[in-house]
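Residue numbers (the UniProt record's numbering): 1 to 216. First comes the structure, then the notes that go with it.
So this is what it looks like as structure tokens:
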């Protein structure tokens, strides 16, 4: 199957201005993901609405997909970004690497690519430090257990509760035939468990990433 890496890099981050090209460890943030892709020897594309971002991607040897303005807003979904990319990219599999997760082992990403054929898609996940069975949502002023389980379940020790996982940005893989039908994942999505990783969504996350680099 033809495989391509897609790295979404919209300009206009509000919490960290120009986050996707801000230098981390001596190189723009998107370059970390580009280098992971290059180590896999897979065609690599950066989807961006910014000429400045595009120039950085070109210098790192990635191809660029120029996003129209209507795909540059905050509310744009991954499905819309990937659907647009497939008008340019000839691929059966899209390996989606978010630039906000800079620290990856390319060999682990390669393992994910090898696994995806057993499902309709793949999402990387990591185990939650506290089970989702202990989480709540608000119903007006009142707490309701998120899982719909009886209240007594939320008082159980973590080790007695099912393990729960949350997605991270390590690697997601989608199948082009499903994307063209408007379906991002299908109904048999593989969970690819990775080590805990840093996802940069805030200035505190950024500082922690810098700390990690400085203490390697």
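Cβ atoms here follow ideal geometry from the backbone N, Cα and C, with glycine treated the same way. Values in this document were obtained by computation on a predicted structure and should not be read as measured data.
Residue i in three-state terms, based on DSSP
| i | result |
| --- | --- |
| residue 47 | strand |
| residue 190 | strand |
First and last residue of the uninterrupted alpha helix (DSSP H) at residue i
| i | result |
| --- | --- |
| residue 21 | Unbroken run through residue 21: none, as it is neither H nor E. |
| residue 144 | Where residue 144 is concerned, there is no enclosing alpha helix (DSSP H), although the beta strand (DSSP E) it sits in stretches over 142-145. |
| residue 211 | 203-214 |
| residue 42 | Neither: residue 42 is in no alpha helix (DSSP H) and is coded neither H nor E. |
Cβ-based burial, residue i [other Cβ within 10 Å; buried from 16]
| i | result |
| --- | --- |
| residue 170 | buried |
| residue 174 | buried |
| residue 134 | buried |
| residue 2 | exposed |
| residue 29 | buried |
| residue 192 | buried |
C-alpha gap between residue i and residue j, whole angstroms
| i | j | result |
| --- | --- | --- |
| residue 9 | residue 152 | 44 Å |
| residue 194 | residue 163 | 14 Å |
| residue 126 | residue 101 | 13 Å |
| residue 90 | residue 206 | 34 Å |
| residue 11 | residue 86 | 20 Å |
| residue 138 | residue 59 | 48 Å |
| residue 145 | residue 136 | 4 Å |
| residue 97 | residue 201 | 15 Å |
Selected residue, minimal CA-CA separation from residue i, among the options
| i | options | result |
| --- | --- | --- |
| residue 39 | 109, 20, 72, 52 | 109 |
Endpoints, beta strand (DSSP E) assigned at residue i
| i | result |
| --- | --- |
| residue 123 | 121-127 |
| residue 4 | 3-8 |
| residue 169 | 165-175 |
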